[in-house]
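Numbering follows our numbering, with no gaps: position 143 of the sequence shown is 143. Beta carbons: idealized from backbone N, C-alpha and C, even for Gly.
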Amino acid sequence: MYSSKELELLELLEEKGYLETKLLADLLALDEETIESMLEKFKQDGILLGFRAMVNWQKINRHDVTAFIDVKVAPKRGRGFDDVAERIYRFPEVTALYLMSGAYDLQVVIQANSLQDVASFVSDKLSPLDSVLSTTTHFKLKTYKHDGILFTPQTEDKRLNITP
Numbered sequence: 001m002y003s004s005k006e007l008e009l010l011e012l013l014e015e016k017g018y019l020e021t022k023l024l025a026d027l028l029a030l031d032e033e034t035i036e037s038m039l040e041k042f043k044q045d046g047i048l049l050g051f052r053a054m055v056n057w058q059k060i061n062r063h064d065v066t067a068f069i070d071v072k073v074a075p076k077r078g079r080g081f082d083d084v085a086e087r088i089y090r091f092p093e094v095t096a097l098y099l100m101s102g103a104y105d106l107q108v109v110i111q112a113n114s115l116q117d118v119a120s121f122v123s124d125k126l127s128p129l130d131s132v133l134s135t136t137t138h139f140k141l142k143t144y145k146h147d148g149i150l151f152t153p154q155t156e157d158k159r160l161n162i163t164p
C-alpha cells in the first residue's frame, strides 16, 4: 500500500511531468532524499515509467500521419491475446496498443510519414499475422486535447448574458 504522500507525488508527476527533486520536496513538505527514494521505488515497482514532453507538431507544420487500427483477433488457447499483442507492439511504428471491449479486440496506434506507409504497415506487417482476422483503420485529422492538455487556444465566450 502506498502512503498519501506517495500518492500525492504520483498525482503531481502525472499532472506536471518531470519536476526537479528540490521543487517536489518543497511542494510536498518532504526532504529531497525522501523524494529520491520514493521515485526510485516507483521506478523499481514499474509504476513510474518515464517522462515525456507534449509537443504540438501542428504548430511547426510537421504532418506525420497517426492511424488508429482496430484489429479483430483469434485468441490463442491459454495465452489469449498476449502472443499477438507482443508481436504487434514490437513493430517500431506502433506507439500504443490496447485490448478493447466491443466489436474489435485490439486497437493499434501507429505513427507514419504518409498514408502509403500506413497502408504498407497494415498490408505487409499486421494483416499477415496468423491471429489477425480483420482490421479497420481510422486516421487522426486534428488534435484538440491529448492527455488532458488542450492543443487549441481557448476562445473567449462572446455570448451575451441572459437575464430574467
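Residues in its own chain within less than 6 angstroms of residue i by CB, not counting five upstream and five downstream?
i: residue 76; result: 83
i: residue 140; result: 66
i: residue 35; result: 21, 24 and 25
i: residue 56; result: 151
Quick check: residue i and residue j, are their CB atoms within less than 8 angstroms of each other?
i: residue 104; j: residue 136; result: yes
i: residue 157; j: residue 111; result: no
i: residue 99; j: residue 106; result: yes
i: residue 143; j: residue 58; result: yes
i: residue 73; j: residue 12; result: no
Once you ignore the five residues that flank residue i on each side, which residues in its own chain have a CB closer than 8 angstroms to its CB?
i: residue 87; result: 129
i: residue 113; result: 64 and 65
CB-CB under 7 angstroms to residue i, same chain, minus the five flanking residues each way: which ones, in chain order?
i: residue 165; result: No statement about residue 165 is possible, as the shown extent of the chain runs from 1 to 164 and does not include it.
Would you mind sorting residue i into buried or exposed? The rule is 16 or more other CB atoms within 10 Å of its CB.
i: residue 29; result: exposed
i: residue 51; result: exposed
i: residue 91; result: exposed
Item to check | Ranges of the alpha helix (DSSP H) found wholly within the region 92 to 116, counting only runs of at least 4 | outcome: none
Checklist entry - For the region 3 to 47, which segments carrying the alpha helix (DSSP H) assignment without a break, of at least 4 residues, lie completely within its bounds, in sequence order? => result 4 to 16, 21 to 28 and 32 to 44
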